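Student: Per UniProt numbering, numbering through the sequence shown is continuous, rising by one, with the last residue being 583.
Glycine included, each C-beta is placed from N, C-alpha and C at the ideal position.
Just so you know, these numbers come straight off a predicted model, no measurement behind them.
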Amino acid sequence: MLVLLRRYFALLATYLKPQWVGNLFLALFLLGNAGLQLLKPQLLKLFIDTALAHGISLTLLMIAFAFIGFALLNQGIAVADSYLGEYIAWTATNQLRSDLVAHCLSLDLSFHKERSPGELIERIDGDVDTLSHFFSRLIIQLGGNILLLCGILAIFFRIDWRAGLGASVYALMFLSILMIMRRRLIPLWVAQRQASAEFYGFLGERLEGTAEIRANGATTTTLRRFLRQLHAWFPITYKTRMSETRMFIINFAVIASSMILTLMLGAYLRSLNPAAITIGTIFAMYTYTFMLVGPIWTIQTQLQDLQQVEACIQRIHELLSTTSRLRDGSGATFRHGPLALEFEHVTFGYEDDMPVLRDLNVAVQPGHVLGILGRTGSGKTTLARLIFRLYDAQQGSVRLDGVPIQQAHLQTLRQHIGLVTQDVQLFQASVRDNLTFFNREISDERILAAITSLGLSMWYQSLPSGLDTVLPTGGGGLSAGEAQLLAFTRIFLQDPGIIILDEATSRLDPATAALLEKAIDTLLDGRTAIIIAHRLSTIQRADEILILEDGAVLEYGSYNTLAHDSSSRLFHLLQVGLEEVLA
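(1) For Ala562, count the other beta carbons within 10 Å of its own beta carbon; 16 or more makes it buried, fewer makes it exposed. Which is it?
(2) Tell me the rounded alpha-carbon separation between Leu435 and Gln75.
(3) Per DSSP, what are the beta-bridge partners of Met354 in this structure?
(4) What first and last residue would you give for the alpha helix (DSSP H) that runs through Val398?
(5) Could you tell me the alpha carbon to alpha carbon distance between Val403 and Val420, rounded to whole angstroms?
(6) Just verifying my parser: in three-state terms, what is the DSSP assignment at Ser558?
(7) I need the straight-line Cα distance from Ile155 to Ser132, nearest angstrom please.
(8) Out of curiosity, what's the CA-to-CA distance linking Thr130 and Met259?
(9) Could you pull the DSSP bridge partners for Glu544 from this structure?
(10) So, does the stretch 417-433 touch the stretch 345-360, judging by three or more C-beta pairs under 8 Å?
(11) Exposed or buried, Asn145, counting other C-beta atoms within 10 Å across all chains shown (16 or more means buried)?
(12) Please report the straight-line C-alpha distance between Val576 and Thr412, rounded to a whole angstrom.
(13) If Ile531 and Gly371 are in contact, beta carbons under 8 Å, what's the gap, nearest whole angstrom?
(14) Once the 5 residues before and after Leu410 are set aside, which same chain residues still bring their CB inside 6 Å of it?
(15) So Asp356 and Thr382 are in contact, right, with Cβ under 8 Å, and what is the actual spacing, rounded?
(16) If we count Cβ pairs, one from each stretch, closer than 8 Å, do we get three or more for the stretch 53-61 versus the stretch 158-172?
(17) Alpha carbon to alpha carbon, how far is Ala583 from Asp502?
(18) Beta-carbon separation of Val128 and Leu100 under 8 Å?
(19) Given Asp160, which residues of its chain have a CB within under 6 Å of its CB, disregarding the five upstream and five downstream residues?
(20) Shortest alpha-carbon distance to Thr59 belongs to which of Phe47, Gly69, Ala449 and Leu185?
(21) Taking Gly418 as part of the beta strand (DSSP E), name the residues at either end of that continuous run.
(22) Using C-beta distances below 8 Å, list every residue in its chain close to Gln540, excluding the 5 sequence neighbours before and after it, in chain order.
(23) For Glu580, which residues of its own chain have a beta-carbon under 7 Å away from its beta-carbon, when the five flanking residues on both sides are left out?
(24) At the level of alpha carbons, what is the spacing between Ile77 and Asn251?
(25) In the DSSP assignment, the beta strand (DSSP E) including Ala529 goes from what residue to what residue?
(26) Per DSSP, Ala408 forms a beta bridge with which residues?
(27) Could you say which of Ile68, Leu175, Leu263 and Val309 lies nearest to Leu149 if we only look at CA atoms?
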């Protein structure tokens with residue numbers, strides 16, 4: 001419990017402290033609202049007793065107008081309270097969402113491989129959305145309802161000590177029952193939220209791959225897996241909802257019994273002392289009893305919200321506590337321009353007992369091009385990921401200009417490395433934002449110069465709004481060649497010292513790939529390059545060739561030397577064709 005309280009207050013301090021003025025007004029609104037609620041039954045008591053004693057009079061009219069005025073004021077405060085609470089909630093939760101997204105983006109690739117996009121969306125948006133009420137008013141309103149409850153009990157004691165004692169025992173007993181049920185519900189909420197994340201994560205992945213599922217006849221298999229996910233999600237959700245229903249039934253029983261007991265107690269006390277317990281007093285007791293049930297009901301609902309909040313806070317805390325396996329460097333820097341690259345006794349595996357690369361030793365001089373060949377699964381893409389530091393080698397070191405890449409800040413390292421893969425991710429944003437990754441410091445003149453240099457001028461001239469043209473999600477309407485040229489333009493604007501082309505043209509037809517050759521030449525000019533390719537035309541520009549097989553170096557040397565050595569593996573590949581051998 002203490003750990004959870006610390007997490008509560010840590011979240012409150014982090015995201016509500018900047019809005020302390022708004023929270024102060026919110027607390028004042030809630031206190032004023034509680035005070036007005038306590039005052040209204042007293043006006044009703046006075047109205048009834050005055051009417052019974054004196055009939056219609058000016059005093060009665062003044063009491064009625066006072067009651068109407070307080071009721072209108074109460075509603076005005078409620079509206080202001082609701083508006084301010086929603087504003088605080090959205091401001092706090094949006095900041096929390098931003099922090100969670102930034103944290104997820106800072107984690108290494110292994111984290112994202114272990115979790116589906118749907119699960120992360122549920123964590124970042126679903127859990128945070130549940131916290132919106134927690135940020136807006138939950139804690140303050142819970143305190144306000146407790147004060148209202150205490151105020152009602154104090155009034156009962158002022159009427160008669162027996163009425164106060166009965167109301168106190170009744171409230172404490174009911175709250176105790178709710179607390180016991182609350183403890184039983186928390187594990188259910190945690191399990192239900194986790195099952196929900198997995199279920200919607202599965203749905204998101206399958207909906208995204210609908211075309212592939214239908215094309216490969218996997219509809220039946222996908223439906224069976226969907227039913228298994230549904231059978232795992234539904235029972236825990238049903239059990240959680242049934243537990244909530246039991247709490248609702250208890251509340252309903254409390255309301256009915258409290259009204260009956262109050263009227264019986266009022267009649268009994270009036271029989272003992274008719275002068276002190278008037279008809280107006282009994283009606284006020286009845287009203288206060290209804291108001292007593294109100295805070296108990298609200299507190300129960302807020303405790304139920306807290307159950308969900310606890311589950312969400314636990315999951316958010318778990319996410320924020322997840323640390324990247326990649327440690328940021330101490331701040332080493334690299335010069336501008338082509339960089340030397342060296343692998344020294346590098347061994348790496350995604351699992352400790354299954355190495356993907358074994359004792360790799362490779363050196364690339366500044367401005368040279370290294371071509372990497374190998375069958376699928378030989379470790380080509382893994383090597384590129386180690387350069388970009390998506391993973392760290394388990395043994396050995398990777399160096400740029402003699403500096404271990406672990407010594408540089410990740411952001412600094414990746415500013416000097418450009419990566420182009422066969423899958424180009426385009427955003428639903430303007431051409432400008434897609435090319436600059438939303439970097440406003442890159443001028444339009446520089447963007448247009450890059451477009452011209454890489455051969456996109458004709459495509460650019462066809463755009464209806466130039467750089468302001470909005471591209472659809474995924475680049476719909478663009479050919480595969482145009483999408484690759486956009487990816488090249490991104491890297492050209494980044495101006496890195498090392499460029500990695502990870503089978504960037506493998507999905508293009510030969511004619512389209514040939515059109516990209518000039519763009520590749522422009523992109524690689526004055527830079528160190530790593531080319532992972534199947535096409536002969538792409539690999540011919542390499543200065544050195546590295547051929548991998550099962551994670552080990554099968555052949556490594558100068559392209560010209562190996563290409564003319566009849567005993568080399570490269571010579572054989574050039575004779576029979578790269579596509580046939582490496583596909």
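Tutor: Taking the definition as stated:
(1) Sequence inspection shows Leu at residue 562; the Ala mentioned does not correspond to that position. With 16 or more other Cβ atoms within 10 Å, it is buried.
(2) 52 Å
(3) Glu351
(4) Careful: Val398 lies outside any alpha helix (DSSP H), inside the beta strand (DSSP E) at Gln395 to Leu400.
(5) 24 Å
(6) strand
(7) 34 Å
(8) 34 Å
(9) Leu370 and Ser558
(10) no
(11) buried
(12) 42 Å
(13) 5 Å
(14) Asp328
(15) In the sequence as displayed, the identity of residue 356 is Val instead of Asp. Sure, about 5 Å apart at Cβ, within 8 Å.
(16) no
(17) Residue placement at Ala583 is poorly supported in this model, since its pLDDT is 47, which falls under 50; the coordinates still yield a value, given next. Near 15 Å, if we compare the C-alpha coordinates of Asp502 and Ala583.
(18) yes
(19) Leu269
(20) Phe47
(21) Ile417 to Thr421
(22) Tyr559
(23) Note on Glu580: pLDDT 47, under 50, position unreliable in the model; no value is reported.
(24) 27 Å
(25) Thr528 to Ile532
(26) Ala332
(27) Leu175
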